[in-house]
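Engineer: In our numbering, the protein residues as written are 928 to 1308. Ideal Cβ positions, reconstructed from N, Cα and C, are used throughout, including at glycine. A quick note: this is a predicted structure, and the numbers were derived from the prediction, not measured.
#1: In or out: residue 962 buried (at least 16 other Cβ within 10 Å) or exposed?
#2: Helix, strand or coil for residue 1228 per DSSP?
#3: Any chance you could list the beta strand (DSSP E) runs of at least 3 consecutive residues sitting entirely within the stretch 1153-1216, in chain order?
#4: Name the residue from 1242, 1233, 1037 and 1286 whose alpha carbon lies nearest to the alpha carbon of residue 1273.
#5: Note down the Cα distance separating residue 1200 from residue 1157, rounded to an integer number of angstroms.
#6: Looking only at its own chain, which residues have a Cβ that is under 8 Å from the Cβ of residue 1167, when we skip the five neighbours before and after it?
#7: Within the continuous alpha helix (DSSP H) that includes residue 984, where are the two ends?
#8: Looking at residue 1248 and residue 1290, is the spacing between their C-beta atoms short of 9 Å?
#9: How big is the Cα-Cα spacing for residue 1095 and residue 1160?
#10: What separation, rounded to the nearest whole angstrom, lies between the Cα atoms of residue 994 and residue 1128?
#11: Using a threshold of 9 Å, state whether the C-beta atoms of residue 1034 and residue 1058 are closer than that.
#12: Can you tell me which of the three DSSP states residue 956 falls into?
#13: Quick check on residue 936: does DSSP put it in helix, strand or coil?
#14: With a 10 Å radius around its C-beta and 16 neighbouring C-beta atoms as the bar for buried, classify residue 936 as buried or exposed.
#15: Give the DSSP bridge partners of residue 975, in chain order.
#16: What residues in its chain sit with their C-beta under 8 Å from that of residue 957, if we drop five residues either side in the sequence?
#17: Rounded to whole angstroms, what's the CA-CA distance from residue 1140 to residue 1050? Just pull it up for me.
#18: Just how far apart, CA to CA, sit residue 1062 and residue 973?
#19: Exposed or buried, what is residue 1245 when buried is set at 16 or more other beta-carbons lying within 10 Å of its beta-carbon?
#20: Which residue comes first and which comes last in the beta strand (DSSP E) that contains residue 1069?
#21: Per DSSP, which one or two residues make a beta bridge with residue 1012?
#22: Measure the C-alpha to C-alpha separation of residue 1184 and residue 1037 and round it to an integer number of angstroms.
#23: Between which two residues does the beta strand (DSSP E) harbouring residue 1103 extend?
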């Protein structure tokens, strides 16, 4: 008598596929964004929209149990939980129900590769097309472009998605070969990235751009190599965001015996990323050691300030915003607040700086308040 194949319930498959999607950071609010289960055991994440608004995001895979063998991935070669999938109509219907219940306001959709990259991407595109056309969903959709997708599939993805991402995973072709021998760096990673960038430049993809993710510590790469890759993507591809995910070897991966990469290393890379994107720093101003590593005992902005004592102290009441952004403890928001307030009055106290969002204990050694060293006031705190 032939054995009957029992298909897991929709709820069971959804639980498996949302949990499997939690490792991809390409729509997170930031490096400290919490990962939490929503009601019903689903993984719901706070995600930052391009407007800055945070919304609950359903992150889910179309299918689990990847046929590829990327060393860092728990879904490699079938995964620990085996292969399960959601049909496009099942996934679209489920998301609409969650949206109607106000439990999820956006969708992040990726997938393990099953039946080839093209077939996998077709399933994901069918899901998003159903959302847009049948269910009339006009909200946020972040769609992962599967390495190996055809150019016409990338074009369709741009027609349906709010934001796209192609995960680079490693900073160079050589590093990618070490951890993902089945992926081709130029043809499967850079080519779709460039296609999306060209469409943005031409005005054919005028939505929220593209993001990517780099795995930190999986391929023996240095912090300098990661930062160089990110800097190139920001300059040449106009990448919206680069996310960094420190390797945390898990059961089911080929790197399970490797030590976990400190989250502080990931944090330092995010700090460099912000200096490049929002603070006006050039890559050549970032201090790496002879091994290409960032110091873990000091943030990169403070390290730069200590190497350039000739630039300090900065007079808070007269320095241009570009100089304020070089002061440790001052960020873009606090720099703007300083510039706005000093049009009306002079800043004379560290209390006033603190009220504007400045980290006074960090900033005090580097600033003057109406000609007087701020450090003199700190002794009164």
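Structural biologist: Here's the rundown:
#1: With a pLDDT of 48 at residue 962, under the threshold of 50, the predicted position of this residue should be treated as unreliable, and no value is reported.
#2: helix
#3: 1168-1173
#4: The shortest C-alpha separation from residue 1273 is found at 1242.
#5: Between residue 1200 and residue 1157, the C-alpha separation is close to 8 Å.
#6: 977, 1090, 1135, 1136, 1137 and 1138
#7: Looking at the DSSP string, residue 984 is not in any alpha helix (DSSP H); the run it does join, the beta strand (DSSP E), is 981-988.
#8: no
#9: 10 Å
#10: 35 Å
#11: yes
#12: Only weak support is given to the placement of residue 956: the predicted model assigns it a pLDDT of 44, under 50, and the question is left unresolved by the model.
#13: coil
#14: exposed
#15: 981
#16: Per-residue confidence for residue 957 stands at a pLDDT of 46, beneath the threshold of 50, marking its modelled position as unreliable; the derived number appears in the next sentence. Result list for residue 957: 975 and 1197, in chain order.
#17: 22 Å
#18: 23 Å
#19: With a threshold of 16 other beta carbon atoms within 10 Å, residue 1245 falls short and is exposed.
#20: Annotation: the continuous beta strand (DSSP E) that includes residue 1069 extends over 1067-1071.
#21: 990
#22: 27 Å
#23: Note, residue 1103: premise wrong, no beta strand (DSSP E); alpha helix (DSSP H) at 1100-1106.
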